[in-house]
Amino acid sequence: MGIINKLKTTTKLTQKESRVPWRSSGVKKTRTGQKKSELAYIEEKHACPLCHRHIDDKILKENMYVCPGCNHHFQLALKERITTVADPGSFNEFDASIRSVDPIEFPGYREKLEKAQQKSGQNEAVSIGTCLIEGRPAALGVMSFAFMGGSMGVAVGEKVTRLLLKGVEQKLPVVLFTASGGARMQEGIFSLMQMSKTSHAIALLQEQRLPFFVVLTHPTTGGVTASFAMLGNVILAEPGALIGFAGPRVIESTIKQKLPEGFQRSEFQQEKGFVDTIVDRKKMKSTLSFLIDAHIPRREVR
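Residue 297 is where the sequence shown starts when you use our numbering, and the numbers rise one by one after that.
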């Protein structure tokens, strides 16, 4: 409990949910008088979904995609996430060639995979590798919601398992950032089998007394929450992240009741004991290095 108490943060966010990720002033014109699309305008200017403050792209990047006004944490692309955690040039990806197939020949699934790969620039919804975190060796996995909602199919389950086994093989602490809508329905029972496979790999890691640190980012739901996302030695979360199994709308429609404000957000889950502590993105790297030192003395890290 001493470690967790030291990590407690005082960050509090207004629990406001918005389906509109930004506000645009509409169509703008270029210097040549040509109309810009709303998307082109958004690429130049971002607006916070909580405080609606417009933020220059340069300022947003410098602030690790956190609103300087209200501390809202924007979702990160896979490469951006890695740069906020791994020491510069230290991330060495492995098993990047693993990608999904179509095990049950689900109609239209192959086309969806191709579109997801083209749109996201990724082969799959997770990237795994080894890196240094403030000089501490670690195995690092990062899930990406941009690839089919971060859903877990056979390929994602296999890559997460190999990440955990890499930790066992090289005696490394394992850090995993989650962002997922759950199991990938297009792979049927094969996607659900990944829940038990990854859980078993975590057990192997813990048999070697090696730590597994999970960082829950927005959103983490479904079969990912029901498996490896809740099996970390220490479970961290970014502020305001949606964390749960079923989504709020599904729950409300089932119980026919209005859920309280902030339900399933990371602050709510911390109060209920599902999250150990909430960590601001700017402090995540130093927090992880502290946890590595607390669980594995520097002389033991190889």
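The beta-carbon is built from N, C-alpha and C at its ideal position, and this holds for glycine as well.
Beta-carbon contacts of ALA435 that lie in its chain and below 6 Å, excluding the five residues immediately before and after
As a working note, residue 435 is residue 139 in the sequence shown. Only THR426, LEU459, LYS462, GLY463, LEU468, VAL470 meet the Cβ criterion.
In angstroms with no decimal places, state the Cα-to-Cα distance between THR457 and HIS496.
Position 161 of the sequence shown, counted from the first residue, corresponds to residue 457. Position 200 of the sequence shown, counted from the first residue, corresponds to residue 496. Cα to Cα, THR457 sits roughly 9 Å from HIS496.
DSSP state of LEU468, grouped into three classes?
Taking the sequence shown and counting its residues from 1, one reaches residue 468 at position 172. Residue state, collapsed to three classes: coil.
State the DSSP-derived secondary structure class of ASP599, mapped to helix, strand or coil.
In this structure the chain extends from 297 to 598, so residue 599 is not present and cannot be described.
In whole angstroms, what separates the C-alpha of LYS579 from that of ASP589?
Mapped onto the sequence shown, residue 579 falls at position 283. Mapped onto the sequence shown, residue 589 falls at position 293. Approximately 16 Å, taken between the alpha carbons.
Of the listed residues GLU401, PHE473, GLY477, nearest to GLU483 (C-alpha basis)
On the sequence shown, position 187 is the one that residue 483 refers to. Taking only the C-alpha atoms, the option nearest GLU483 is GLU401.
Would you please state the rounded distance, in angstroms, between the beta carbons of LYS455 and ASP353? I believe it to be under 8 Å.
Position 159 of the sequence shown, counted from the first residue, corresponds to residue 455. Position 57 of the sequence shown, counted from the first residue, corresponds to residue 353. No, LYS455 and ASP353 are not in contact; Cβ-Cβ is about 31 Å, not under 8 Å.
Assign PRO403 to one of two classes, buried (16 or more other C-beta atoms within 10 Å of its C-beta) or exposed (fewer than that).
Here the question's residue 403 lines up with position 107 in the sequence shown. Exposed: under 16 other Cβ atoms inside 10 Å.
Using the Cα positions of ALA533 and LEU512, report the straight-line distance between them to the nearest angstrom.
As a position in the sequence shown, residue 533 is number 237, starting the count at 1. As a position in the sequence shown, residue 512 is number 216, starting the count at 1. The alpha-carbon atoms of ALA533 and LEU512 are separated by roughly 4 Å.
How big is the Cα-Cα spacing for CYS363 and LEU538?
For the purposes of this step, residue 363 is taken as the residue at position 67 of the sequence shown. For the purposes of this step, residue 538 is taken as the residue at position 242 of the sequence shown. Spanning the two alpha carbons is a distance of roughly 18 Å.
Can you tell me whether DSSP reads PHE570 as helix, strand or coil?
Reading the sequence shown from its first residue, position 274 is the one you call residue 570. Here PHE570 sits in coil by DSSP.
Just to confirm, are MET444 and VAL422 a CB contact at a threshold of 8 Å?
Position 148 of the sequence shown holds residue 444. Position 126 of the sequence shown holds residue 422. For MET444 and VAL422, no; Cβs fall outside 8 Å.
Distance, PRO515 Cα to ASN367 Cα:
What you label residue 367 is simply residue 71 of the sequence shown in a count that begins at 1. What you label residue 515 is simply residue 219 of the sequence shown in a count that begins at 1. Their Cα atoms are separated by approximately 17 Å.
Less than 8 Å between the beta carbons of GLU430 and SER582, yes or no?
Locating residue 430 in the sequence shown gives position 134, counting from the first residue. Locating residue 582 in the sequence shown gives position 286, counting from the first residue. Yes; because the gap between Cβ atoms is below 8 Å, this pair is in contact.
By Cβ distance, which residues of its chain are closer than 6 Å to LEU335, with the 5 residues on each side in sequence left out?
Numbered from 1 along the sequence shown, position 39 holds the residue referred to as residue 335. Reliability fails at LEU335, whose pLDDT of 47 lies under 50, so the model's placement of it is uncertain and the value that follows must be treated cautiously. Cβ within range, chain order: n/a, list empty.
For the putative contact between ILE394 and ALA451, defined by C-beta atoms under 8 Å, what is the C-beta separation to the nearest angstrom?
Here residue 394 corresponds to residue number 98 of the sequence shown, with the count starting at 1. Here residue 451 corresponds to residue number 155 of the sequence shown, with the count starting at 1. Between ALA451 and ILE394 the Cβ distance is about 5 Å, and since that is below 8 Å, they are a contact.
Let's test the definition: count the other Cβ atoms within 10 Å of the Cβ of HIS350 and tell me whether it reaches 16, buried, or not, exposed.
For the purposes of this step, residue 350 is identified with residue 54 of the sequence shown, where counting begins at 1. Under this definition HIS350 is an exposed residue.
Give the secondary structure of SER423 by DSSP, where H, G and I count as helix, E and B as strand, and everything else as coil.
Taking the first residue of the sequence shown as position 1, residue 423 is located at position 127. Note: SER423 maps to strand in three-state DSSP.
Hey, VAL510 and THR474 are a contact pair by Cβ (cut 8 Å); roughly how many whole angstroms apart?
Sequence index remark: in the sequence shown, residue 510 carries index 214 (1-based). Sequence index remark: in the sequence shown, residue 474 carries index 178 (1-based). Between THR474 and VAL510 the Cβ distance is about 6 Å, and since that is below 8 Å, they are a contact.
LEU538 (DSSP reduced to helix, strand or coil)
Position 242 of the sequence shown, counted from the first residue, corresponds to residue 538. Strand at LEU538.
Which runs of the alpha helix (DSSP H) at least 4 residues long sit entirely within the segment 468-511? Give them in chain order.
With a minimum length of 4 residues, the continuous alpha helix (DSSP H) runs that stay inside the segment 468-511 are 484-503.
Could you say which of PHE387, ALA442, GLU389 lies nearest to GLN414 if we only look at CA atoms?
The sequence position of residue 414 within the sequence shown is 118, counting from 1. Nearest option by C-alpha distance: ALA442.
Looking only at its own chain, which residues have a Cβ that is under 7 Å from the Cβ of TYR405, when we skip the five neighbours before and after it?
Here residue 405 corresponds to residue number 109 of the sequence shown, with the count starting at 1. Contacts found: ASP398, GLN482.
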